[in-house]
Amino acid sequence: MRNLLHDMNPTVKFLIVAVSLITLAFFFNLWTPLLFFIGILGLQLTLSRINWKVWLLFMLPFTLGSFGYLWTTIVFGAETGGTVLFEFAGYQVTDAQLAVALSLAFRVLAFSSMSLLFAFTTDPVKFIMSLMQQLKLSPKLAYSVMVGYQFLPVMKDEFVQIQQAHRLRGADTEQRWWQRMLGARRILIPMLAGAVRKAERSAFAMEARGFTGEARQEFYHPIRVRPLDFALTGVFLSILAASCLGGVWLSS
Amino acid sequence: MLKGWKLKEIVLMSLFGVVFGIVYLLFVHVGNIWAGVIGPLAYEWMFGIWFIVSIISMYIIRRPGAAFLPETLAALIEVVLGHAAGPRLILSGVVQGLGAEAAFALTRYRHFTLPILMLSGAGAAIFSFVYGYFMSGYAALDPSFVILMLTLRILSGAIIAGIGGKYIADGLFATGSLRGYAIARAQKGDARA
Chain A
130 MRNLLHDMNP
140 TVKFLIVAVS
150 LITLAFFFNL
160 WTPLLFFIGI
170 LGLQLTLSRI
180 NWKVWLLFML
190 PFTLGSFGYL
200 WTTIVFGAET
210 GGTVLFEFAG
220 YQVTDAQLAV
230 ALSLAFRVLA
240 FSSMSLLFAF
250 TTDPVKFIMS
260 LMQQLKLSPK
270 LAYSVMVGYQ
280 FLPVMKDEFV
290 QIQQAHRLRG
300 ADTEQRWWQR
310 MLGARRILIP
320 MLAGAVRKAE
330 RSAFAMEARG
340 FTGEARQEFY
350 HPIRVRPLDF
360 ALTGVFLSIL
370 AASCLGGVWL
380 SS
Chain B
506 MLKGWKLKEI
516 VLMSLFGVVF
526 GIVYLLFVHV
536 GNIWAGVIGP
546 LAYEWMFGIW
556 FIVSIISMYI
566 IRRPGAAFLP
576 ETLAALIEVV
586 LGHAAGPRLI
596 LSGVVQGLGA
606 EAAFALTRYR
616 HFTLPILMLS
626 GAGAAIFSFV
636 YGYFMSGYAA
646 LDPSFVILML
656 TLRILSGAII
666 AGIGGKYIAD
676 GLFATGSLRG
686 YAIARAQKGD
696 ARA
């Protein structure tokens, strides 16, 4: 049971996430995003093995962000009328305003829970392979992205190296954050120059080994769409439908 | 879309996506700290940072798609690295990339001067704003506040992404590592300047 979300086809999962997010964007009532958030949380609890400590850590900035939305909507929200609930620092808060503000804040929570569900249950390499096999992403592009992905740790090391080289020569004397931001160019340019050289070398190596980038039918690691994917799609879509209908019903 | 691209150009574009995916993610953390305190307005003035890879890549490679693809890739890499916004970010990457691409497509990929680069940054700003208008529910905000956000974002796109992108790409060109790409041919003055 608890590995179902991990075994799901990444492309199918991605499409479901996209469809749900776009659908939710059309609902401004308070309940739809809240119900959806609860539903997704339930799915994660029952069908995945995610590390909840890490999950909470990732949710934290979004919770803070949703507070930002909450008060911006209350202070800068469009005039909607309605009865005044309470007055805060000279701003009159009406029930209509509060409902919209809470809805936007819950929307942030619903969006991020859905996104985290994808991020925590999907292997990036499988995702790209699946995009190539199910959505016919060009192999040239797919394998180039994989090259980039493999270079990630190298880039990180290089970043530290360049920083240390600068420090060794006494070049980073900036104290203020805006000075450091303008000085970022001094680190970025060598990193990009390194990236250009790496790109040329790996492209040459790929071509030397006979990589043509032509579309193909057979794959070394086939990733398929299985009945499980249809079943889970059904589950996701019914949660989505239930929260849309339930939200409209509860707020009327 | 990739017909006529050399493999080394595609790999270069993907590595740009990786480098800027890292850079974008760093700035997301900076932006998040602001956003918790002052709400969505926090991101607007620095939004141009997230369009920059389109302009740099297009300025160097100069082929149809060179603005759209790396922006999408950078978003993908951000998601892979652990941006908690997840796949939603890929969608906004696609939208921003299309906006940046639009300016170059309008000029039929013939001109890569500073005004066009700035226009491209502004295009990305407008596209991403329209997307944000629906996804983040800006419709619920006061119209004058929405216009303030839009103006800030367009300025940020034109200045940070347009001018900043050209500044970085020119700096990179000066290192001499870009020989063999369209930017070097154009600087010599024989093609598509």
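In order, the protein sequences belong to chains A and B. Residue numbering for the first sequence follows this note's numbering, starting at 130 and increasing by one per position. Residue numbering for the second sequence follows this note's numbering, starting at 506 and increasing by one per position. A virtual CB, placed ideally from N, CA and C, is assigned to each residue, including glycine. If you're wondering where the values come from, they're calculated on a predicted model, not measured in any experiment.
Taking 8 Å as the upper bound for CB-CB distance, L507(B) and S267(A) are in contact here, some 5 Å apart. Between the segment 155-167 of chain A and the segment 245-258 of chain A, the count of C-beta pairs closer than 8 Å stays below three; the two stretches do not touch. Any Cβ of chain B closer than 8 Å to the Cβ of K269(A) would place that residue at the interface, and such an atom is present. Listed in chain order, the non-local C-beta contacts of I316(A) below 6 Å within the same chain comprise I291, local neighbours out to five positions each way being set aside. Put simply, the segment 623-630 of chain B does not touch the segment 175-193 of chain A. Fewer than three CB pairs are less than 8 Å apart. Taken through DSSP and simplified to helix, strand or coil, V354(A) comes out as coil. Look at R236(A) here: in three-state DSSP terms it is helix. Judged by DSSP secondary structure, K142(A) falls within the alpha helix (DSSP H) whose first and last residues are P139 to L153. Here A154(A) is not near M654(B), since their CB atoms are 8 Å or more apart. Bounds of the alpha helix (DSSP H) holding W160(A) are W160 to L176. Using a Cβ-Cβ cut-off of 8 Å, I515(B) counts as an interface residue toward chain A, since at least one Cβ of chain A sits closer than that to its own. Bounds of the alpha helix (DSSP H) holding R296(A) are L281 to L297. Around the beta carbon of T656(B), fewer than 16 other beta carbons sit within 10 angstroms, so the residue counts as exposed. With the criterion set as a beta carbon lying under 8 Å from some beta carbon of chain B, the members of the segment 268-298 of chain A are K269, L270, S273, V274, V276, G277, Y278, F280, L281, M284, K285 and F288, in sequence order. With its beta carbon at least 8 Å from every one in chain A, G667(B) lies outside the interface. Between the beta-carbon of I673(B) and that of A605(B) there is about 15 Å, and that puts the pair past the 8 Å contact cut. Every alpha helix (DSSP H) of 4 residues or more that sits fully in the segment 542-602 of chain B is shown, in chain order, as 546-549, 557-566 and 573-586.
Check the Cα spacing between G522(B) and each of V584(B), P569(B), G642(B) and V535(B): the tightest is with V584(B). In this structure, T192(A) keeps its C-beta atom at 8 Å or more from the C-beta atom of L233(A). In the DSSP assignment, Y672(B) falls within the alpha helix (DSSP H) that extends over G669 to A679. At a cut-off of 8 Å between beta carbons, L655(B) makes no contact with chain A.
When secondary structure is reduced to three states using DSSP, K182(A) falls in the helix class. When DSSP states are grouped into helix, strand and coil, Q263(A) belongs to the helix group. Exclusion of the five residues before and after S149(A) leaves F165, M243, F365 and L369 as the residues of its chain whose Cβ lies within less than 8 Å of its Cβ.
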